[in-house]
Structure formats: C-alpha cells, structure tokens
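Everything below concerns the one structure shown next.
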Amino acid sequence: MTEEGFIFNVFGYEHPEARVFAFLKYIPATFKNLFNLKYLKNSWKYGKHRVFRAEQLYTAQNYCSFLETFRTDFPEYVYFCPLRTKEIISAPFSSIAEVYVPGECLQRLATLQNKDALQTAALDLIEMLSRESQTSIDDFGIHGSIALNMHTPKSDIDLVIYGAKNFRKLEATIYKLSKRGALTYVSKNRIDAARRYKAKYKGRLFMYNAVRKKEEINPNYGLFKYSPITRIEFRSKIEDDAEAMFRPAIYRISDYEPTSTASRLKEATIPTFVVSMVGCYRNVARKGDTARVSGMLERVENVETRNASYQVVVGTGVSEEEHIWPI
Numbered sequence: 004m005t006e007e008g009f010i011f012n013v014f015g016y017e018h019p020e021a022r023v024f025a026f027l028k029y030i031p032a033t034f035k036n037l038f039n040l041k042y043l044k045n046s047w048k049y050g051k052h053r054v055f056r057a058e059q060l061y062t063a064q065n066y067c068s069f070l071e072t073f074r075t076d077f078p079e080y081v082y083f084c085p086l087r088t089k090e091i092i093s094a095p096f097s098s099i100a101e102v103y104v105p106g107e108c109l110q111r112l113a114t115l116q117n118k119d120a121l122q123t124a125a126l127d128l129i130e131m132l133s134r135e136s137q138t139s140i141d142d143f144g145i146h147g148s149i150a151l152n153m154h155t156p157k158s159d160i161d162l163v164i165y166g167a168k169n170f171r172k173l174e175a176t177i178y179k180l181s182k183r184g185a186l187t188y189v190s191k192n193r194i195d196a197a198r199r200y201k202a203k204y205k206g207r208l209f210m211y212n213a214v215r216k217k218e219e220i221n222p223n224y225g226l227f228k229y230s231p232i233t234r235i236e237f238r239s240k241i242e243d244d245a246e247a248m249f250r251p252a253i254y255r256i257s258d259y260e261p262t263s264t265a266s267r268l269k270e271a272t273i274p275t276f277v278v279s280m281v282g283c284y285r286n287v288a289r290k291g292d293t294a295r296v297s298g299m300l301e302r303v304e305n306v307e308t309r310n311a312s313y314q315v316v317v318g319t320g321v322s323e324e325e326h327i328w329p330i
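If you want it as structure tokens, here you go:
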C-alpha cells in the first residue's frame with residue numbers, strides 16, 4: 004500500500020533501482036473519480052480507507068486508464084523504462100507505506116487471536132494441502148483480501164506456493180483430493196478448465212498460484228533490451244513449461260506455424276519463447292500441448308554481449324486481442 008492509499012500487486016521479478024513495477028488493484032474513494040473506469044458495485048474497507056476495484060481488472064484499456072491518470076495526477080508513479088522505451092506504472096520506494104509478503108501474511112494469520120470463520124477455513128485448507136502434498140507449510144503463503152484483513156464472510160481464499168517443484172506437487176495433490184471428493188474444481192470457462200487453479204473446500208472458493216523462491220529469481224533488470232517488432236498470430240508446440248506457473252509465465256516453444264499472412268517470419272526471427280504478463284495465462288498449456296498464440300514479437304538483446312533472440316509477449320497493455328489458447 005502507498006501513502007495515498009493505493010494498493011498495488013507487485014509485477015514480476017525485475018525492477019529498476021528504488022522502485023517496483025506494479026499493477027493497481029484497489030483505489031481509495033478519495034481518488035475514485037480520477038480514473039475513467041467501470042467499478043465493481045461492492046467496495047472494501049482497508050483501515051480508514053474505503054477502496055474500490057475495477058470491474059475488469061487486467062485489461063489493456065484499464066491499464067491505459069491507470070497510466071493516463073497517474074501521468075496527470077501522480078506522475079511519480081510513471082516510469083519511462085529505457086529498456087522497453089515506454090512508460091510503465093511503477094511505485095517508487097519513497098511512496099510505499101506497507102508491504103505484504105504472502106509467507107509473512109500466513110505467519111501473522113496463524114498467530115492471530117479470535118480468528119473468524121474464513122480465516123480458520125484458510126488455515127485448515129493450507130494445513131491439509133501441506134500435509135497431503137508433503138510440502139512444508141513454510142512454503143505456503145496467503146494474499147488477497149484475507150492478507151490485507153479486509154475480507155468479508157464471502158471472500159475467496161487466495162493461496163500461493165513458493166517454488167516450481169512445490170507448485171507441481173500441490174497441483175497433483177489437489178487433483179488427487181478432487182478425485183476423493185475432498186475438493187471440487189470450479190471452472191467458468193476453458194481457461195479455468197485448462198489451468199485447474201480454482202476449487203471449493205467445504206463450500207469456500209479458493210485459488211492457488213506460484214511465486215518464485217529466492218534461488219529461482221535472476222534479477223537482471225538492465226541486462227536485456229526489449230524492442231517490439233510486430234503483432235503476430237501462430238500455433239506452436241509447448242516445448243517446456245518449467246516456468247509457466249509464475250507471473251510472467253514463460254513457455255519455451257517450437258514448431259512455429261503462422262496463422263496469418265502478416266505472421267510469416269524469416270527463420271532468424273522466429274520466437275523461441277512466449278512470455279505472458281497476463282495472469283490468467285499462467286499454466287494454461289503444458290509441455291507437449293499445442294497452443295494458439297496472439298501477441299507482440301519482440302527482439303531481446305543482451306546489452307553486454309549484443310546477442311539477440313526473439314520472444315512473443317502476451318499482455319503488452321496495448322491490445323485486448325493478445326492470448327494463449329490451448330488446443
């Protein structure tokens with residue numbers, strides 16, 4: 004949370020000095036009318052602040068709206084990234100009032116006196132998942148409204164698991180528990196069905212996602228320069244999904260097959276990775292799958308060696324048409 008009462012989600016693992024890339028999630032009532040957004044009807048109470056959330060949170064249109072308002076009214080939250088040659092929403096350290104780390108939030112919740120029904124259910128769920136997956140409870144965390152202590156009795160339980168291997172263990176465990184009837188998957192669309200990250204535990208909806216462990220983070224801001232080239236659409240095989248559960252989600256691909264004339268590329272510029280900045284495309288395709296992708300082709304240059312490679316980015320904040328659809 005910032006001094007003004009904005010609540011951000013930290014975005015990715017590479018950040019410039021003295022600031023952090025982030026996406027605005029909650030807006031205090033004081034500044035609600037500054038943003039050209041459609042808001043959810045309900046609101047939340049964070050301390051003394053009444054906060055609101057956009058009806059559709061992660062869209063290109065909303066990102067542009069956030070950027071426009073910050074540029075006009077809070078310019079310190081706009082950072083021109085020289086490695087991407089564009090403006091990006093970013094919170095300076097000097098504006099940050101509170102930081103919520105999922106693992107620390109879970110530890111605080113565990114020691115809390117007089118827990119309510121949702122907090123108790125969240126701890127019961129995590130303890131069961133830890134036991135059944137044989138994963139240390141220290142590798143779990145909690146975020147969302149429960150972590151911020153602004154939940155309601157009907158709020159979801161938002162879990163994180165630290166580490167790629169732990170995520171795969173948890174994924175398999177949840178599948179096993181669903182077969183036993185201890186959990187029930189919830190799917191509203193084909194993306195939910197592919198990801199299988201939503202389920203109900205004793206009638207309560209929970210979601211789980213992955214966060215990198217410290218040893219899985221390679222903070223290399225400044226090492227690579229990213230240059231957008233053109234928007235492309237194609238099919239490809241998922242060659243590796245070892246980092247598909249994180250945000251950004253990274254898929255190594257092969258067998259590039261353009262699905263439009265404009266997407267025909269020279270051999271040297273065919274991408275080897277798809278990188279999704281959009282959370283809903285985490286873990287949506289698995290190794291060996293074929294996926295249909297729409298996104299921005301980028302040239303990635305190592306500024307030290309001058310070696311270049313190519314990747315496709317889904318979630319540039321420019322177009323709503325960028326996606327990863329499993330086939």
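For the sequence shown, our numbering assigns the number 4 to the initial residue and increments by one for each residue that follows.
Glycine included, C-beta positions come from ideal geometry on N, C-alpha and C.
It is roughly 26 angstroms from the alpha-carbon of residue 238 to the alpha-carbon of residue 228. A straight-line Cα-Cα distance of about 31 angstroms links residue 327 and residue 133.
In this chain, residue 110 is not harboured by any beta strand (DSSP E); it is covered by the alpha helix (DSSP H) spanning 105–114. In this structure, the alpha-carbon of residue 150 lies about 6 angstroms from that of residue 108.
Using a 10 angstroms sphere on the CB of residue 192, the tally of other CB atoms stays under 16, which defines it as exposed. If you check the CB distance, residue 129 and residue 162 come in under 8 angstroms.
For residue 323, there is no enclosing alpha helix (DSSP H), as DSSP marks it with neither H nor E. Secondary structure note for residue 198: its alpha helix (DSSP H) is the uninterrupted segment 193–198.
Secondary structure at residue 267: coil, using DSSP grouped into helix, strand and coil. In the three-state scheme derived from DSSP, where H, G and I count as helix and E and B as strand, residue 294 is classed as strand.
Nearest neighbour of residue 69 by Cα position, chosen from 112, 41, 48, turns out to be 41. Judged by their CB atoms, residue 165 and residue 144 are nearer to each other than the 8 angstroms cut-off. Within 10 angstroms of the beta-carbon of residue 277 lie 16 or more other beta-carbons, which makes it buried. Taking residue 82 as reference, the option from 72, 94, 4 with the minimal CA-CA separation is 94. Secondary structure at residue 119: coil, using DSSP grouped into helix, strand and coil. Where residue 314 is concerned, the enclosing beta strand (DSSP E) starts and stops at 311–317.
Inter-residue distance for residue 285 and residue 255 is about 13 angstroms (C-alpha atoms, whole angstroms). Residue range 63–76 is occupied by the alpha helix (DSSP H) that includes residue 76. The beta-bridge partner set that DSSP reports for residue 213 consists of 164.
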